[in-house]
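Protein sequences appear in the order of chains A and B.
Taking this note's numbering, I'd label the letters of the first sequence as residues 1 to 527.
Taking this note's numbering, I'd label the letters of the second sequence as residues 528 to 737.
Yeah, the Cβ is synthetic: ideal placement off N, Cα and C, and Gly gets one too.
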Amino acid sequence: MSLRARLVLLFAVLTLLPALPAAWVTHDLLQRTVDIALRDEIDQALEAGVRQTRAALQVQRDALGALGSRWTAALAEAGDPVAVDPSFSDPAVRVEVVDGPVLVEGRLGEVPETRERGAPPVVLRERVDVGGTRLRLTARVDPEWRADALRTSESLQMLRLLRAERSSIERAFLVPFVVIVALALVVAVGAAWWLARGFTRRVERLVAATDRVATGDWSVRTAFDGDDELARLGRGFDSMVASLDAQSRRLVDLETMAGWREMARALAHEVKNPLTPIQLTVEEMRERYPGDDTEYRALLDECSRIVIEEVESLRSVVGRFRDFARPVELDRRAFDPNRLLHDIGALQRDLRVDFDLSDELPAVHGDEDRLRQILMNLASNAREAGATSLRLASAPHAEGVALVFEDDGPGIPAAERAQVFEPYRTGKAGGLGLGLALVKGIVLAHDGSIEVDEGRLGGARFTVVLPSGQASAAAIHASAAAVPTSAVEVDASAPDVRASAAEVPTSGAEHPQRGDGTADDDPEDPR
Amino acid sequence: MRPTLRTALALTVWLLAATPVTAGRVVEVEPYRADGWLYVDVHTADLLDPRTRSTVESGLPGHCRLRLELRDARDEVAVRRVVERVLEFDLWEGIARVRQGASERAFRSIDAADSAWSHFAGLRLLPWERVDLDGRYRLHVQVRVEPFGPEERERVSEYVSESERGDRRELAFDLGGLVGRLVGRGGTDDDAPVWTSPPFRPASLPERAP
């Protein structure tokens, strides 16, 4: 089950957990309340009340019947209803001859013509029939009794209705509760889904990014927004991957550089060894010529001179190879990188130099002379490539300080930029292609990095990133702790990476810029 | 449909369902010919269940609805009759009355009235000339009794609503009204079971007085 589904389920359970006991309590309370409200005792009491009111009504009926009997007797005695003395009669009861005169007016008040269905009667009537004379007695029902009877009967009816509808009523009271719980559940699940979506989406991105890193893709970044823990985790991940990427690249560069240096050292060794015997043999051949053929002597001298000059030239090349391969220790000190750029700019008499320097740079802990040397060589290369102006810039960088060296020369084609720092790649006739490799070696020795692209002036732009004082010290410390593990692999084919960090060639850099395609003199400064 | 959803739906239906009506029992259905018409007598029983009797004894009317369909051999309805009766007891006079339309009959007890309102005699169905004498017909009968008429339901609904409103005026929504409306729901004919007579041929029916 996915994290999101689990979160939604958790919210739903957390919503339902209090709802279920609440539902149980509510249902129980409802049933108990209904039980109390509709209990049999109330029904029996109301039924008894109705019986009592009916009995009371019967008493009134009986009284009216008794009065009717007395009227019957009186009428039988008098013969004529008008002759009957009504003093014995109840003055509240109306006595009248049917279709004849009223004998006693009575106190009936207003009597409705029809009786309301189911309601207690408003009046009671009694008929007397004596010898063909019909009397009608009408008595008004006691209003208090009637009101009580009506209330009692209606209460009994309502109770019976409620008892009959009990299950419906219980359900009706439960429906709002269920609806509210259902709404709460829907809201909780919706909120959980929404919250989980925001949460798990980033977790899923982080997992995907981790998977890509595991497959060797160091370019992946999470780029989370916000300032919560996940966003910080994402930024930490990005920073970690970037750092690992940089370290990985640096290790590869160091390994590659070590390989090239080993190759240069072996090449120098193999080439240097036969040079002296060759030179001595040629000199011996020239000196020991016993003959007196002047032409042959002249030819021999000329050939010997050429061979010896070429041997010297090879020695020079071997020297440059050895310089490239030679480990050089850095003299690290803290220095102001802006001052270094100012010094470089001041020395460029034949180039226009613009500065764009940051005032918030930390000090760089490195070998200022070596760095000055590589910047001078970059300037020399630029000049030889036809550049007329330079732009020297500095800026704070996440890993320390960025030094930017930019010229308005022809630049380096994009397709060649990836290989421009590899040794033995040069566009110059007679060049060995060690210049920019030496530059990169020096930068790597500083735990820094160098990149080339196209600058604002249209020419090449070299960006050298150097660790600042603290970062550099930390990097040295980290390098001392971390590199031996990698150095085991490097040792198999190349010198120890730690040693390579201390190797600094003494020669200058070679700029492979090609403007018009013509070959320049080798700008390398062998020593 | 997923089990959870089905359970929730069933619970909702149960919660919203109206109170089941009482279904009486159809004992006998007698079709016959009289006065040039096809008639039928329907005898039912157990219409006055304890719940209905209880309300009738308190003076409330009980309602009975008989639904009768004459169906031909193709099960198409040839004619439909609906008969509604009310049984009520006058507490103060001690008289039970059975009303059907404008007619009313009085009885001295509820039991006597019960036997009368259970017997639906002389229900006229079709003119004899419109009857297929050799066709096969069936009678579908539904009878349902409710201790409530619309007026009584309204009374209960208002009673429940008013008591809620009176006690909980601070509620922003009308909970009492909602409960009252839910209580006020009545049943339908569909709630009652259908009794189906054996098939009969009109030609073989007896002729007698309705």
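Going by other Cβ atoms of all chains shown within 10 Å of its Cβ, with 16 needed for buried, is residue i buried or exposed?
i, result
"GLN52 of chain A", "exposed"
"TRP71 of chain A", "buried"
"VAL670 of chain B", "buried"
"ASP225 of chain A", "exposed"
"GLN419 of chain A", "exposed"
"MET591 of chain A", "Only positions 1 to 527 of chain A appear in the structure, and residue 591 of chain A is not among them; the question remains open."
"LEU244 of chain A", "exposed"
"CYS303 of chain A", "exposed"
"ASN381 of chain A", "buried"
"TYR296 of chain A", "exposed"
"ARG107 of chain A", "exposed"
"ASP323 of chain A", "buried"
Roughly how many angstroms lie between the CA atoms of residue i and residue j, to the nearest whole one?
i, j, result
"VAL84 of chain A", "LEU618 of chain B", "36 Å"
"ALA63 of chain A", "THR138 of chain A", "12 Å"
"SER313 of chain A", "GLY259 of chain A", "25 Å"
"LEU14 of chain A", "SER684 of chain B", "36 Å"
"ALA149 of chain A", "GLY49 of chain A", "8 Å"
"ARG651 of chain B", "GLY118 of chain A", "32 Å"
"GLU110 of chain A", "VAL104 of chain A", "16 Å"
"GLU596 of chain B", "ASP568 of chain B", "13 Å"
"LEU38 of chain A", "ASP576 of chain B", "19 Å"
"LEU732 of chain B", "ASP99 of chain A", "55 Å"
"SER724 of chain B", "TYR566 of chain B", "14 Å"
"LEU587 of chain B", "ALA73 of chain A", "41 Å"
"GLU170 of chain A", "TRP145 of chain A", "35 Å"
"ALA471 of chain A", "HIS342 of chain A", "Low per-residue confidence applies at ALA471 of chain A: pLDDT is 45, beneath 50, and the placement is therefore not dependable enough to give any value."
"GLY628 of chain B", "VAL554 of chain B", "24 Å"
"LEU195 of chain A", "VAL213 of chain A", "27 Å"
"LEU390 of chain A", "ARG461 of chain A", "10 Å"
"PHE173 of chain A", "THR26 of chain A", "10 Å"
"ALA209 of chain A", "SER248 of chain A", "17 Å"
"ILE622 of chain B", "LEU162 of chain A", "24 Å"
"ARG624 of chain B", "TRP644 of chain B", "9 Å"
Using only CA atoms, which one of the options lies nearest to residue i?
i, options, result
"ARG205 of chain A", "A:ILE308, A:THR222 and A:GLY190", "A:THR222"
"LEU444 of chain A", "A:PRO21, A:THR72 and A:ASP367", "A:ASP367"
"VAL439 of chain A", "A:PRO410, A:ASP369, A:LEU135 and A:GLY455", "A:ASP369"
"ARG417 of chain A", "A:VAL452, A:ARG383 and A:ALA398", "A:VAL452"
"LEU251 of chain A", "A:PHE462, A:GLU360 and A:SER449", "A:SER449"
"GLY216 of chain A", "A:PRO81, A:ALA242 and A:LEU347", "A:ALA242"
"VAL311 of chain A", "A:ARG94, A:GLU283, A:PRO423 and A:LEU390", "A:GLU283"
"MET257 of chain A", "A:TYR424, A:GLU41 and A:SER468", "A:TYR424"
"SER168 of chain A", "A:ARG461, A:PHE462 and A:LEU30", "A:LEU30"
"LEU436 of chain A", "A:ASP408, A:ALA209, A:GLU154 and A:MET376", "A:MET376"
"LEU124 of chain A", "A:SER155, A:ALA92, A:GLY132 and A:PRO101", "A:ALA92"
"ALA346 of chain A", "A:LEU392, A:ALA385 and A:ASP331", "A:LEU392"
"SER89 of chain A", "A:SER316, A:LEU67, A:LEU46 and A:THR388", "A:LEU67"
"VAL220 of chain A", "A:ASP228, A:ARG201 and A:MET240", "A:MET240"
Run through DSSP, which three-state label would residue i get?
i, result
"ASP602 of chain B", "coil"
"ILE450 of chain A", "strand"
"ASP301 of chain A", "helix"
"ARG51 of chain A", "helix"
"VAL111 of chain A", "coil"
"GLY68 of chain A", "helix"
"VAL13 of chain A", "helix"
"GLU284 of chain A", "helix"
"ALA544 of chain B", "Because the pLDDT of ALA544 of chain B is 48, which lies under 50, any placement of that residue in the model is unreliable, and the number read from its coordinates should be weighed accordingly. Note: ALA544 of chain B maps to coil in three-state DSSP."
"ILE622 of chain B", "strand"
"PRO290 of chain A", "coil"
"ARG160 of chain A", "helix"
"SER313 of chain A", "helix"
"TRP722 of chain B", "strand"
"PRO21 of chain A", "helix"
"ALA209 of chain A", "helix"
"GLY234 of chain A", "helix"
In chain order, what residues of the segment 50-74 of chain A put their CB closer than 8 Å to some CB of chain B?
VAL50, ARG54 and LEU57
By the 7 Å beta-carbon criterion, what residues does the segment 576-602 of chain B contribute toward chain A?
ARG578, SER581, THR582, SER585, GLY586 and LEU587
Against chain A, which members of the segment 664-684 of chain B pass a CB distance test of less than 8 Å?
PRO674, PHE675, GLU679, ARG682 and VAL683
Could you list the residues in the segment 617-650 of chain B with a C-beta less than 9 Å from some C-beta on chain A, going in chain order?
ASP617, LEU618, TRP619, GLU620 and GLY621
Note down, in chain order, all residues in the segment 137-163 of chain A with a beta-carbon under 9 Å from any beta-carbon belonging to chain B.
ALA149, SER153, GLU154, LEU156, GLN157, MET158, LEU159, ARG160, LEU161, LEU162 and ARG163
Contact residues within the segment 162-178 of chain A, judged by C-beta distance below 8 Å to chain B:
LEU162, ARG163, ALA164, GLU165, SER167, SER168, ILE169, ARG171, ALA172, PHE173, LEU174, VAL175, PRO176 and VAL178
Can you list, in chain order, the residues of the segment 90-122 of chain A whose Cβ is nearer than 7 Å to any Cβ on chain B?
GLY118, PRO120 and PRO121
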